[in-house]
Amino acid sequence: MIHGGAGALEDLKNEASEAEFRQSITAILEQGRQRLEKGDHALDVVEYCVTLLEDDRLYNAGRGSVLNAEGKVEMDAALMNGSDLRAGAVACVKQIKNPIALARHVLEQGDHVMLVGDGALEFAQFCQMEIYPDHYFITEARIKQLAEAQAAGRITLDHERIKPSQKLGTVGAVARDIQGNLAAATSTGGLVNKRWGRVGDTPVVGAGVFADNETCAVSATGYGEQFLRTVLAKTISDFVQFRGMDAEAAAKAGIEYLVAKVNGEGGVIVIDGAGRCAAAQSTSGLIRGWIEMGGETYCTLG
Ligand code: ASP
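Quick note on my numbering: the sequence shown kicks off at 1 and runs consecutively.
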């Protein structure tokens, strides 16, 4: 399963670009399916799918990330392996083409779970990752979006409607491989017009990302502060573990909890240990798609 962010997408449905999103989502799902069919590990596949989403400037992650209040890109990403709860995360990183790949290096290196800012950049150089110039990440659409958010005096979700032209989003993937391993990955440029140094839910294990083979894998999108305060990804896993819910019931209960506790806005994709897929959201839109147990490709923006 993959997602391309939550928000207000009503206008998108009437635009030609709906086709672009559908094409992007279904093509990336197909590549993920092929790798899982070959027997690749869930962790490799979620990393791969998120890398493809980061490279696509349609989404708020990697190239095309939203801009902070200083007009800069600061990205967060994390991934988690469900068989042993290993996790890797990076926050407030710049100049890294694929933050999710850097998070994977953190996971593999194993001493730490999260690296931030300059320390993360230095670690990327140590891992011989290529450093990209700032202008690689910044698109015209993002400069315009920031100007609109600043004129309105607001800090917004990427997909939030100040003007209907804003329709790009945070990304995530969850997978179950043929050995039954679960994994989750999430990557974002964060909120439009955020304070520099702000870190959201995306790189925080248990908030924007979580995977445990005994329960489920979760990737979240929405107002990060609300997902941090409700520890939403782990809460959904707890619903599976302690209340015996499947993916669908847990996703729904998770979003109900988010709304009841903090009036939260966002969405989640969830896959459980049996390979059942589900999504839920409190926003009007959540770009997402999945292939359940090797079956049909499903994609929706609503
Ligand atoms: N959750 C992300 C954050 O708060 C934003 C998003 O999902 O669009 O950084």
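Backbone N, C-alpha and C define an ideal beta-carbon position, used for all residues, glycine too.
Taking C-beta atoms as the reference points, T283 and G7 count as a pair closer than 7 angstroms. Residue A217 holds the alpha-carbon nearest to the alpha-carbon of A274 among G285, T297, Y257 and A217. Spanning the alpha carbons of G289 and A278 requires a straight line of approximately 10 angstroms. The alpha-carbon of Q241 is positioned some 21 angstroms away from that of A260. The three-state reading of DSSP puts G4 in strand, counting E and B together. A straight-line Cα-Cα distance of about 18 angstroms links Q31 and I271. Between the alpha carbons of V209 and H3 lies a gap of roughly 13 angstroms. Using a Cβ distance threshold of 7 angstroms, A280 and V268 count as a contacting pair. In the structure shown, S24 adopts helical secondary structure according to DSSP, grouped into three states.
Ranked by Cα distance from N60, the first of A247, A141, M129 and D158 is D158. Runs of the alpha helix (DSSP H) lying entirely within the stretch 184-255, each at least 4 residues long, are 224-230 and 232-243 in chain order.
A250 sits away from F227, with the two beta carbons spaced by 7 angstroms or more. If the five residues before and after V174 are omitted, its C-beta is found closer than 6 angstroms to the C-beta atoms of M1, A184, A217, S219, I269 and I271, all from its own chain and listed in chain order. With a cut-off of 8 angstroms on Cβ pairs, the stretch 59-74 is in contact with the stretch 128-139, counting three or more such pairs.
Runs of the beta strand (DSSP E) lying entirely within the stretch 107-131, each at least 3 residues long, are 114-116 in chain order. With respect to the 7 angstroms criterion, A78 and A103 are classified as neighbours on the basis of their beta carbons. In the DSSP assignment, Q281 falls within the beta strand (DSSP E) that extends over C277 to Q281. At the C-beta level, G200 and G190 come within 7 angstroms of one another.
Look at G32 here: in three-state DSSP terms it is helix. Leaving aside the five residues that flank R86 on each side, the residues in its chain whose CB is nearer than 6 angstroms to its CB run, in chain order, L107. Between the alpha carbons of P203 and L182 lies a gap of roughly 18 angstroms. Annotation for G267 indicates a beta carbon at 6 angstroms or more from all heavy atoms of ligand 1. Around the beta carbon of Q34, fewer than 16 other beta carbons sit within 10 angstroms, so the residue counts as exposed.
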